[in-house]
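Engineer: Reading the sequence shown from the start, the letters are residues 324 to 523 in our numbering.
We treat Cβ as the ideally placed atom computed from N, Cα and C, and that holds for glycine.
Pasting in a structure now, in structure tokens, and then I'll have a few things to ask.
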Amino acid sequence: MKKHRLLLYAVISRRVRGKALLMVLFLAMIAIYDLFVPALGERWPLVWVALLASLVMWFYYAVLLRRAALQVRPRYLRLQGPLYGLNISYERLLSVTTTLVGHQYPPDQISGHERELLKEFQGATAVLVELRALPPAFRRRRFWFHRLLFSTTRPGLLLMVDDWMAASRDIEAARTKWYDQYKPRERPDNRSLAARILDS
Numbered sequence: 324m325k326k327h328r329l330l331l332y333a334v335i336s337r338r339v340r341g342k343a344l345l346m347v348l349f350l351a352m353i354a355i356y357d358l359f360v361p362a363l364g365e366r367w368p369l370v371w372v373a374l375l376a377s378l379v380m381w382f383y384y385a386v387l388l389r390r391a392a393l394q395v396r397p398r399y400l401r402l403q404g405p406l407y408g409l410n411i412s413y414e415r416l417l418s419v420t421t422t423l424v425g426h427q428y429p430p431d432q433i434s435g436h437e438r439e440l441l442k443e444f445q446g447a448t449a450v451l452v453e454l455r456a457l458p459p460a461f462r463r464r465r466f467w468f469h470r471l472l473f474s475t476t477r478p479g480l481l482l483m484v485d486d487w488m489a490a491s492r493d494i495e496a497a498r499t500k501w502y503d504q505y506k507p508r509e510r511p512d513n514r515s516l517a518a519r520i521l522d523s
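Structural data, given as structure tokens:
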């Protein structure tokens, strides 16, 4: 299995985890201080609830977001989010190409928050995995996955990874091997358009 981390989640984690940790430390100091010098009175449970909530938030942004990755497996692609993973059959893949992130999400057409997230990706190349159709499980994709992971021009995934060349190569190799093993007569033609014209 080849694994390519999703950089969008890495950016979100980097932006939030430090603030969440500071909140945890601040609330922990207040809670511990109140154990020795009762100052909160009947409000002390609220501090512990807030501390627990901030711990959960820190764990999500510091630990769970780091799980987000594209996993290239022998029989399918797995889009692994922080909390939920989805398998995508190679038969559903239409093409694997590249695109510029800025072409998919121009800065003047997205919100300020999204513009900040994509600031370091605007001139970057992303892997575009075009699908014949989005799997039914993606109907609730905005609940489980960030919307910036999806193409705006066609059904598919927009994947910002560390090495887009390696990711594209791994997907194509696994896809071709899957077709050779399970559907040899339907093996996709991965040649460039120029190569197809020369052979015609």
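Answer with buried or exposed for R455, where buried requires no fewer than 16 other C-beta atoms within 10 angstroms of its C-beta.
Structural biologist: Here residue 455 refers to the residue found at position 132 of the sequence shown. Looking at its Cβ environment, which holds fewer than 16 other Cβ atoms inside 10 Å, R455 is exposed.
Engineer: Using C-beta distances below 8 Å, list every residue in its chain close to T421, excluding the 5 sequence neighbours before and after it, in chain order.
Structural biologist: The sequence position of residue 421 within the sequence shown is 98, counting from 1. Excluding residues within five positions, the ones whose Cβ falls inside 8 Å are T448, A449, V450, L451, W487 and S491.
Engineer: Would you report the Cα separation of L417 and T499, rounded to the nearest angstrom?
Structural biologist: Position 94 of the sequence shown, counted from the first residue, corresponds to residue 417. Position 176 of the sequence shown, counted from the first residue, corresponds to residue 499. Looking at the two C-alpha atoms, the distance is approximately 12 Å.
Engineer: Looking only at its own chain, which residues have a Cβ that is under 7 Å from the Cβ of A392, when we skip the five neighbours before and after it?
Structural biologist: As a position in the sequence shown, residue 392 is number 69, starting the count at 1. Within the same chain, A392 has close Cβ partners K326, H327, R328, L329 and Q403.
Engineer: Tell me whether L471 is buried or exposed, calling it buried when 16 or more other Cβ atoms sit within 10 Å of its Cβ.
Structural biologist: In the sequence shown, residue 471 corresponds to position 148, counting from 1. Flag for L471 reads buried.
Engineer: Bridge partners for L417 per DSSP, in chain order?
Structural biologist: Here residue 417 refers to the residue found at position 94 when the sequence shown is read from its first residue. In the DSSP output, where bridge partners are listed per residue, L417 has none listed.
Engineer: Distance, Cα to Cα, D485 vs R366?
Structural biologist: The sequence position of residue 485 within the sequence shown is 162, counting from 1. The sequence position of residue 366 within the sequence shown is 43, counting from 1. Distance between the alpha carbons of D485 and R366 is about 47 Å.
Engineer: Nearest-angstrom Cα distance between R535 and L387?
Structural biologist: Past the edges of the chain, shown from 324 to 523, lies residue 535, and the structure says nothing about it.
Engineer: Going by beta carbon distance, what residues of the same chain come within less than 8 Å of I335, once the five residues before and after it are set aside?
Structural biologist: The count along the sequence shown starts at 1 and reaches residue 335 at position 12. The answer, listed in chain order, is Y384, L388, L440 and H469.
Engineer: Who are the Cβ neighbours of N410 in its own chain at under 6 Å, not counting the five residues just before and after it?
Structural biologist: Taking the sequence shown and counting its residues from 1, one reaches residue 410 at position 87. These residues qualify, in order along the chain: Y399 and R401.
Engineer: Within this structure, are the beta carbons of V419 and F444 separated by less than 8 Å?
Structural biologist: Reading the sequence shown from its first residue, position 96 is the one you call residue 419. Reading the sequence shown from its first residue, position 121 is the one you call residue 444. No. Outside cutoff.
Engineer: When you compare the CB positions of E495 and P478, do they come within less than 8 Å of one another, or not?
Structural biologist: Position 172 of the sequence shown holds residue 495. Position 155 of the sequence shown holds residue 478. Going by C-beta atoms, E495 is not nearer than 8 Å to P478.
Engineer: According to DSSP, is Y360 part of a helix, a strand, or is it coil?
Structural biologist: The residue you call residue 360 lines up with position 37 of the sequence shown. The sequence given here has Val at residue 360, not Tyr. Here V360 sits in coil by DSSP.
Engineer: Could you check the C-alpha separation between P429 and S474 for me, to the nearest Å?
Structural biologist: One-based indexing of the sequence shown puts residue 429 at position 106. One-based indexing of the sequence shown puts residue 474 at position 151. So the two alpha carbons sit approximately 12 Å from each other.
Engineer: Between W381 and V347, how many whole angstroms is the CB-CB distance? I'm expecting something under 8 Å.
Structural biologist: As a working mapping, residue 381 is identified with position 58 in the sequence shown. As a working mapping, residue 347 is identified with position 24 in the sequence shown. 5 Å between Cβ atoms; contact.
Engineer: Expressed to the nearest angstrom, what Euclidean distance is found between the alpha-carbon atoms of G446 and R415?
Structural biologist: What you label residue 446 is simply residue 123 of the sequence shown in a count that begins at 1. What you label residue 415 is simply residue 92 of the sequence shown in a count that begins at 1. Their Cα atoms are separated by approximately 29 Å.
Engineer: How far does the beta strand (DSSP E) with T476 in it extend, from its first residue to its last?
Structural biologist: Sequence index remark: in the sequence shown, residue 476 carries index 153 (1-based). Segment: none, T476 is in no beta strand (DSSP E) and carries neither H nor E.
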